[in-house]
Amino acid sequence: FRVMMSEVEGTFSEAFFSSLSMIWATELGDKTFFIAALMAMQYSPCFTYSGALTALALMTILSTGMGHIVPNVIPPKFTNFVAVVLFLFFGVKMLREAYDHVASDEDPEEMKEAAETLKQKDLENPTTPHHHVPAKGRAFVRFSPVFAQAFTLTFLAEWGDRSQLATIALGTTQEPFGVVVGGIAGHAICTGLAVVGGQFLSRRISFKTINYLGGLLFLLFAIVTLVHQEMPWGSHFSSQSPSPAAAPE
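In the working numbering, the protein residues as written are 1070 to 1318.
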């Protein structure tokens, strides 16, 4: 029983830290990061944070569930192969973006996209900033539209994003509860940084460095999955142990 519990704790901790580090590498400076930052500058930071984090937590649970269910329908060796391909793709993509990045004083492209998304949303369904609302009506205005807008924009921006696909890939190969808890913890920290000082951080963090670190992290995930998981062409490497030599008679 103790051996079984130690194995469960080990797989949980590995999944937790893998998911946590993956979220840090993909979400800092991402579109959802800037959506939270820009909304917090205009509306209630509290409801902006809660709306964005609720959307990201829900997306993490759904993505991990998808990754955990797929191996029960498709043979694990094929889902493991797809996970390796995804990790390699995002790793190379982030390294290429870092290599092609040209230092300038302009805002990051993700921040421009987030600002444009907010602008279009305000034109479709304008939300009055809380400091322009009478005190009696602030509680409702700050909660209902701001929370809903932060939730909706974040959920739609996260759908199909590299962090979502990477979470699905982690869910196919690692302990799901650890992936969920680590992912939500990572989102909570990144979204908190965005709400507290997103614009300040965006002008002082080297996104080139973040892309380099994120790319290397994804390549590491690909190597670990390739070594420790079963692949279509044969058993995983960790199970290949040399047979002991026959004892002399």
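The beta-carbon is built from N, C-alpha and C at its ideal position, and this holds for glycine as well.
Give every residue of the same chain whose Cβ lies closer than 7 angstroms to the Cβ of Leu1295, excluding the five residues on either side of it in the sequence, and list them in chain order.
On the sequence shown, residue 1295 is found 226 positions in, with the first residue counted as 1. Closer than 7 angstroms at Cβ, skipping near neighbours: Val1153.
So Leu1089 packs on Ala1235, CB below 8 angstroms; how close in whole Å?
Along the sequence shown, one-based indexing puts residue 1089 at 20. Along the sequence shown, one-based indexing puts residue 1235 at 166. For Leu1089 against Ala1235, the beta-carbon gap comes to about 12 angstroms, at or over 8 angstroms, which does not count as contact.
Among the residues of its own chain, which have a CB less than 6 angstroms from the CB of Ala1291, if the five just before and after it don't count?
Indexing the sequence shown from 1 puts residue 1291 at position 222. Excluding sequence neighbours, Ala1291 sits near Val1153, Phe1156, Leu1157.
With 16 as the cutoff for other CB atoms within 10 Å, does Ser1132 come out buried or exposed?
By one-based count along the sequence shown, residue 1132 stands at place 63. With 16 or more Cβ atoms within 10 Å of its Cβ, Ser1132 is classed as buried.
According to DSSP, simplified to helix, strand and coil, what is Ser1088?
For the purposes of this step, residue 1088 is taken as the residue at position 19 of the sequence shown. Residue state, collapsed to three classes: helix.
If distances are taken between C-alpha atoms only, which option among Leu1286, Leu1239, Ala1263 comes closest to Ala1219?
Within the sequence shown, the letter at position 150 stands for residue 1219. Taking the Cα of Ala1219 as reference, the smallest distance to any Cα among Leu1286, Leu1239, Ala1263 is reached at Ala1263.
Proximity of Met1128 and Glu1244 at Cβ, strictly below 7 angstroms:
As a position in the sequence shown, residue 1128 is number 59, starting the count at 1. As a position in the sequence shown, residue 1244 is number 175, starting the count at 1. Not a contact, by the Cβ cut-off of 7 angstroms.
Could you give the DSSP three-state label for Trp1093: helix, strand or coil?
On the sequence shown, position 24 is the one that residue 1093 refers to. In the structure shown, Trp1093 sits in a helix (DSSP, three-state: H, G or I).
Does DSSP classify Pro1214 as helix, strand or coil?
Position 145 of the sequence shown, counting from 1, holds the residue named residue 1214. Helix, per DSSP.
Quick one: using the 10 Å Cβ neighbour count with 16 as the cut-off for buried, is Asn1149 buried or exposed?
Working through the sequence shown from its first residue, we reach residue 1149 at position 80. Its Cβ being crowded by 16 or more others within 10 Å, Asn1149 is buried.
Here's the rule: buried if 16 or more other CB atoms are within 10 angstroms of the residue's CB, otherwise exposed. What is His1200?
As a position in the sequence shown, residue 1200 is number 131, starting the count at 1. Because the pLDDT at His1200 is just 44, under 50, the model does not fix this residue reliably, and the point stays unresolved.
Using only the alpha-carbon positions, how far apart do Leu1222 and Ile1143 sit?
On the sequence shown, position 153 is the one that residue 1222 refers to. On the sequence shown, position 74 is the one that residue 1143 refers to. Straight-line Cα distance between these residues: approximately 32 angstroms.
Spatial neighbours of Arg1231 within its chain, please: C-beta separation below 6 angstroms, excluding the five flanking residues on both sides.
Within the sequence shown, numbered from 1, the residue matching residue 1231 stands at position 162. If we look at Arg1231 and ignore the five residues flanking it on each side, its Cβ neighbours are Thr1095, Phe1159.
Leaving out five residues before and five after Gly1242 in sequence, what residues of the same chain have Cβ atoms less than 7 angstroms from its Cβ?
Your numbering for residue 1242 matches position 173 in the sequence shown. The amino acid occupying residue 1242 in the given sequence is Thr; Gly does not appear at that position. The answer, listed in chain order, is Asn1149, Ala1152, Thr1294, Gln1298.
Using a Cβ-Cβ cut-off of 6 angstroms (strictly less than) and excluding sequence neighbours within five positions of Gly1136, which residues of its own chain qualify?
As a first step, residue 1136 is located in the sequence shown; it is residue number 67 there, counting from the start. Closer than 6 angstroms at Cβ, skipping near neighbours: Ile1237, Gly1240, Thr1241.
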